[in-house]
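Per the numbering used here, residue 211 is the first one in the sequence shown, and the count goes up by one each step. To keep things clear, I will list the structure first and then write my remarks on it.
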Amino acid sequence: MEENKNRYQGELFYNRISKNHKRLKKWARKNRISCYRIYDKDIPEIPLCLDIYTFLPEFVENKIDAAKYNSELNSAISENGQKARELLAQEKQRTYARLYLYERPYEKPFEEEELWLKEMSFQTSRALEIPESNVIVKMRKRQREDDSGKRSQYKKTEETNSIKGIIFEQGQIFFVNLTDYIDTGIFFDHRPLRLKIRETCKGKRVLNLFCYTGSFSVYAAEGGASFVESVDMSNTYTEWTKNNLKLNDFLDTQSYKTTRMDVIHYLEEKTKQIKENEKFDIIILDPPTFSNSKNTDTTLDLNKDWTKLIENCIKLLSSKGILYFSTNSRKLKMDEKLLPPAMSAEEITSLTIPEDYRNSKIHRAWKITSI
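See the structure below:
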């Protein structure tokens with residue numbers, strides 16, 4: 211009975227991802243995107259998300275190589291000859307799928323879950339025409355509080371073989387790690403906002419808070435920002451940010467500064483010492499919903515602390531500066547009355563949800579400016 215149910219759901223899953231992939235791969239290639247989401251919990255009884263990552267060939271070491279390779283591939287595809295078939299066959303070997311199972315609201319026996327996931331992994335391999343060994347399964351669990359009131363944090367997982375590579379996104383390239391962490395190094399849902407930053411930052415000073423692996427910073431540098439500072443408490447992420455900047459040939463550490471520091475402490479210290487000509491024209495604030503790192507004595511609960519965070523960011527803004535604030539929290543209630551005087555918030559969420567996301571509530575975003 212359970213086997214028949216798995217097979218039935220497997221076929222549903224196969225049909226849906228085949229259809230989505232056929233539509234999205236053309237859009238992705240046109241926009242120079244080699245990693246994107248192709249299934250987003252579309253079917254209620256199949257609570258999975260499926261992301262696809264196609265690594266660039268090993269000979270690609272910088273964005274110039276990446277652009278050249280992408281152009282040659284597109285030319286070959288338009289000619290529809292033997293070279294295109296060979297290149298696309300090679301791409302499939304470098305293509306990986308990440309299946310995320312979101313924790314179910316009910317208990318399911320481990321053996322049943324394992325068999326179900328095996329079926330979904332097989333159907334992913336079949337639909338994308340990639341080796342089943344290239345399908346990586348991850349579980350996303352709800353963060354729960356322990357006895358002391360602290361919530362669990364995502365940590366590095368124990369993997370015997372790390373799968374890492376370089377992906378292409380709208381002209382930039384990034385390192386990703388598909389196995390060692392719950393997240394891979396790039397958040398797809400902020401792709402439109404990254405593009406917006408790139409298009410509007412020329413000659414401006416940009417501050418990227420909770421920078422993660424620095425994708426916003428790379429886009430800002432590519433857009434011609436005069437100065438970009440990236441701040442994060444994690445040594446792993448600040449080093450990753452430095453590597454992504456180097457990968458895209460942004461080597462000037464004076465113009466592209468990476469600061470390892472708790473963001474709350476950074477804001478407190480920076481507001482005390484910043485000069486008027488050092489203020490930022492664009493600030494990106496995309497904090498975690500909750501953080502209680504063992505490396506700092508501060509705890510962030512965004513649903514309670516968002517006003518203080520925004521207030522301190524605004525103190526660092528130039529007179530005509532823009533603060534882009536984004537959150538994954540569904541509980542946070544944005545109330546303009548709680549903002550500092552003469553500031554207004556325009557919700558821009560609908561403009562920042564990418565083509566490949568069925569879930570339009572993946573995040574919320576606001577553009578905060580002076581009135």
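For glycine and all other residues, C-beta sits at the position ideal for the given N, C-alpha and C.
**Message:** Just to confirm the assignment, what range does the beta strand (DSSP E) spanning Asp-261 have?
**Reply:** Element bounds for Asp-261: 258-264.
**Asked** From the DSSP output, which residues share a beta bridge with Asn-569?
**Response** Beta-bridge pairing links Asn-569 to no other residue.
**Asked** In terms of residues, what are the limits of the beta strand (DSSP E) holding Phe-426?
**Response** Phe-426 -> not in any beta strand (DSSP E); alpha helix (DSSP H) instead, spanning 425-432.
**Item:** Lys-406 classed as buried or exposed, judged by whether at least 16 other C-beta atoms fall within 10 angstroms
**Value:** The residue is buried, with at least 16 neighbouring Cβ atoms inside 10 Å.
**Message:** Can you list, in chain order, the residues of its chain with a C-beta nearer than 7 Å to that of Ile-340? Leave out the 5 residues immediately preceding and following it.
**Reply:** Excluding residues within five positions, the ones whose Cβ falls inside 7 Å are Lys-302, Thr-305, Ala-307.
**Prompt:** For Asn-538, which of helix, strand or coil comes out of DSSP?
**Reply:** Looking at Asn-538 - three-state DSSP - the assignment turns out to be coil, as it is neither helix nor strand.
**Item:** the region 283-298 touching the region 324-339, judged by at least three CB pairs closer than 8 Å
**Value:** Contact between the region 283-298 and the region 324-339 is absent: fewer than three C-beta pairs spanning the two stretches fall below 8 Å.
**Request:** Measure the C-alpha to C-alpha separation of Ser-228 and Asn-241 and round it to an integer number of angstroms.
**Result:** Spanning the two alpha carbons is a distance of roughly 20 Å.
**Message:** In the DSSP output, what is Arg-470 paired with across the bridge?
**Reply:** Beta-bridge partners of Arg-470 (DSSP): Asp-442.
**Item:** DSSP state of Lys-526 mapped onto helix, strand, coil
**Value:** This sequence places Leu at residue 526; Lys is not what is there. Looking at Leu-526 - three-state DSSP - the assignment turns out to be coil, as it is neither helix nor strand.
**Item:** Given Leu-561 as reference, the closest of Arg-574, Asp-496, Leu-266, Ser-528 once Cα atoms are compared
**Value:** Cα-wise, what sits closest to Leu-561 is Arg-574.
**Request:** Could you pull out every residue in the same chain whose Cβ sits closer than 6 Å to the Cβ of Ala-431, ignoring the five residues on either side in sequence?
**Result:** Cβ neighbours of Ala-431 within its own chain (closer than 6 Å, five residues either side excluded): Val-438, Phe-460, Tyr-466.
**Asked** Is it true that the region 465-481 meets the region 383-393, where meeting means three or more beta-carbon pairs spaced less than 8 Å apart?
**Response** No, the region 465-481 does not touch the region 383-393.
**Message:** Nearest by alpha-carbon distance to Asn-538: which of Lys-547, Glu-521, Thr-559 is it?
**Reply:** Of the candidates Lys-547, Glu-521, Thr-559, the one whose C-alpha sits nearest the C-alpha of Asn-538 is Thr-559.
**Item:** Cβ contact (3+ pairs, closer than 8 Å) linking the region 379-387 and the region 479-492
**Value:** Counting Cβ pairs under 8 Å, fewer than three are found: no touch.
**Message:** What does the alpha-carbon distance come out to for the pair Leu-519 and Ile-376?
**Reply:** The straight-line gap from Cα to Cα measures roughly 33 Å.
**Request:** Within the same chain, show all residues whose beta-carbon is closer than 8 Å to that of Leu-309, passing over the 5 residues directly before and after it, in chain order.
**Result:** These residues qualify, in order along the chain: Leu-258, Cys-259, Leu-260, Leu-327, Met-330, Ser-331, Thr-334, Val-345, Ile-346, Val-347, Lys-348.
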